[in-house]
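Numbering (our numbering), first residue to last: 94 to 581.
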C-alpha cells in the first residue's frame, strides 16, 4: 500500500523532470540484503526529524539529505525505521534516475517523509540507510537522529486527537461558592470524560480530605453543579477537580484554578412580597421602553432610517500572491512592494519566504495550487535592473532566497493553462521596475497578461487594483503618500 508521494523541495528544471519518491511499509529485511552488488551508494549526508500535526494526528516529519558524489547513480531507495518498540520501517523508492550529484541550485538533494505517528513523552530513534546496502562483511553505514516528544501541553501536541482525548484542550471553567454549611462546585464537563472527583481539604492544615465522585453521560459544554455539605465548625476549601479520561485514567492532569462567585455567608432570600415588587418594576421598565421606541419611531420615521442601527461594513481585503524572480532585489523591492500593497492598498499579501514551514509540510506544488485557489490576484514580479547600491546590499539576501527562482519557474509552468485562457487573465498581473528594457524583462508566457512598469504605470496599476472585487467590497489603493520604493 502506498503511503505518501512527495516531490523535491526544488522545482523541475527546463532540462527534464527531477526524481521524486514513493514510500510504502517494509518492516522485514530488504531484498537487496541477500544479493551481491558491484557498486553501492554512499551513506546519507544528514537526517533530522520534527513533530507536525496533520488532520488531528501528530506525526514525524523526517528530512534526509543525500551526499553529493558519483555513487548517487546507483541509489535506488532509502529505508527509514523508527523505534521505540518493534521497529516500524518504510521504504522510499526514487522514481527517475539522478542526472546530477546536486540540485540545479547546487544544493544537496533533500527529501521529506511524513507518516510515523507520535505519542507524548517518548524517546524516538530514527535510523536510515540507502539501498542497495553494503555487501556482507562490509561496513553498513546508517544515519540516526534522536527526538523526544513533549507532553500534551506542547503547542503542537495539544491539538492532536490522542492529547485532545486526554483533555489537552479542555477548560473546566470551575466556579466555587462557599456557604456556612456547604460548598457548591460548578464546572464544564468534557465529552471525552464521564467520571470526575472533587477534592476538598481543611483550609488550615490541609487534612481530612472530602472526596465526591461525579459521573455524567452528558455531552460537551454541559455545566455540572454539585453541593458538598461541610461541618459548621470547620471550613473546607476546594483543592482539585480530578478527571478520569479513559486514555489516561489516574494520570490525567488535575485542575485547581477556580473563580469564587459568591461569599461564604448565605445570601438572605427575598421575601415573597419583595419578589412581586421586583417583577412589577421590571414590567414597568419594559412598558416604558416600548412606549419610548414607539414615540421615537413616530417622530423620526421607521428604524431603517436610523443611522445608529447600522454599522459601517468593514471592507474585506483582497488576497494577493506575489511570485518574484531571483533578479528582483528581495530586501529593496519584494518586501517594500509587499508592504506597499498591505499598507496602502489594504491587501493580504502572501510571499513564499513567509510560509517556508507550510511549503516544507505540503511541498511547493501543492502550496502553489492552494494559494492559486485562495488568491484574488496573482502578481508576477519580474526581473529588475538593480543599482550598484542594491547589488551590494542585497547580495547576501539574494543568495539566501535562491529557491525563489525555482518557485517563479514552477508557478509559470503550473499556471500556464490559465495564462493561455482569456477568461482567466483578469486574475494575473505582471509588475516590473525595469523601465528601460521592458521587452527583455518579461517572460514570453506572460505577454498576454496586463503589464505595469513602475513607477511609470503606477497610476494605472493602482486604478486596476482598486477595481478588484472581493465579496462585494472594493479595495482602494492609496499610493501617493510615503512611496518608499520610488527611487529603486
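Each residue gets a CB set at the ideal place from its N, CA and C atoms; glycine is no exception. These figures come from a predicted structure and were not determined experimentally.
- Under the 8 Å Cβ criterion, the stretch 156-175 counts as touching the stretch 191-204, having at least three qualifying pairs.
- With a cutoff of 7 Å on beta-carbon distance, residue 185 and residue 140 are scored as not near each other.
- Residue 237 and residue 150 have their C-alpha atoms spaced approximately 24 Å apart.
- When C-beta atoms of the stretch 116-123 are compared with those of the stretch 142-149, fewer than three pairs fall below 8 Å, so the two segments do not count as touching.
- In the DSSP secondary-structure assignment, residue 139 is bridged to 158.
- Here DSSP, grouped into helix, strand and coil, assigns residue 114 to strand.
- Judged by DSSP in its simplified three-state form, residue 245 adopts coil rather than helix or strand.
- In chain order, 141, 205 place their CB closer than 6 Å to the CB of residue 156, counting only its own chain and leaving out the 5 sequence neighbours on each side.
- Residue 548 has no beta-bridge partner at all, per DSSP.
- Take residue 263, set aside five residues on each side of it, and the residues of its chain with a beta-carbon closer than 7 Å to its own are 283, in chain order.
- Note on geometry: alpha-carbon atoms of residue 179 and residue 211 lie some 14 Å from one another.
- For the pair residue 221 and residue 154, the Cα-to-Cα distance works out to about 14 Å.
- Within the DSSP bridge table, the entry for residue 442 names 413 as partners.
- In chain order, 245, 251 place their CB closer than 6 Å to the CB of residue 261, counting only its own chain and leaving out the 5 sequence neighbours on each side.
- The three-state secondary structure of residue 309, taken from DSSP, is coil.
- Fully enclosed beta strand (DSSP E) runs of no fewer than 3 residues occupy 203-210, 216-224, 236-241 of the stretch 203-248, in order along the chain.
- Residue burial annotation: residue 202 is buried, with at least 16 other C-beta atoms found within 10 angstroms of its C-beta.
- Secondary structure of residue 265 (DSSP, three-state): coil.
- Contact check for residue 229 against residue 170 fails: the beta carbons are separated by 7 Å or more.
- Between the stretch 264-281 and the stretch 324-344, the count of C-beta pairs closer than 8 Å reaches three or more; the two stretches touch.
- The alpha-carbon of residue 347 is positioned some 12 Å away from that of residue 267.
- If you check the CB distance, residue 444 and residue 431 come in under 7 Å.
- Residue 287 and residue 450 have their C-alpha atoms some 38 Å from each other.
- Collapsing the DSSP output to three states places residue 542 in coil.
- Residue 410 sits away from residue 373, with the two beta carbons spaced by 7 Å or more.
- Counting only the Cα atoms, residue 417 lies some 22 Å from residue 514.
- Within the same chain, Cβ atoms closer than 7 Å to the Cβ of residue 541 are found at 512, 518, the five residues on either side in sequence being excluded.
- For residue 257, the closest alpha carbon among the candidates 333, 231, 339 is that of 339.
- Per the coordinates, the alpha-carbon of residue 226 lies some 9 Å from the alpha-carbon of residue 136.
- DSSP lists 276 as the beta-bridge partner residues of residue 321.
- Residue environment analysis places residue 231 among the exposed positions, since fewer than 16 neighbouring C-beta atoms fall within 10 angstroms of its C-beta.
- Inclusion of residue 353 and residue 320 in the CB contact set at 7 Å is not warranted, their separation being larger than that value.
- Taking 8 Å as the upper bound for CB-CB distance, residue 305 and residue 291 are in contact here, some 4 Å apart.
- DSSP, reduced to helix, strand and coil, places residue 170 within a strand of the structure shown.
- Per DSSP, residue 511 is one residue of the alpha helix (DSSP H) stretching across 509-512.
- Our two residues, residue 466 and residue 459, have alpha carbons roughly 11 Å apart in a direct line.
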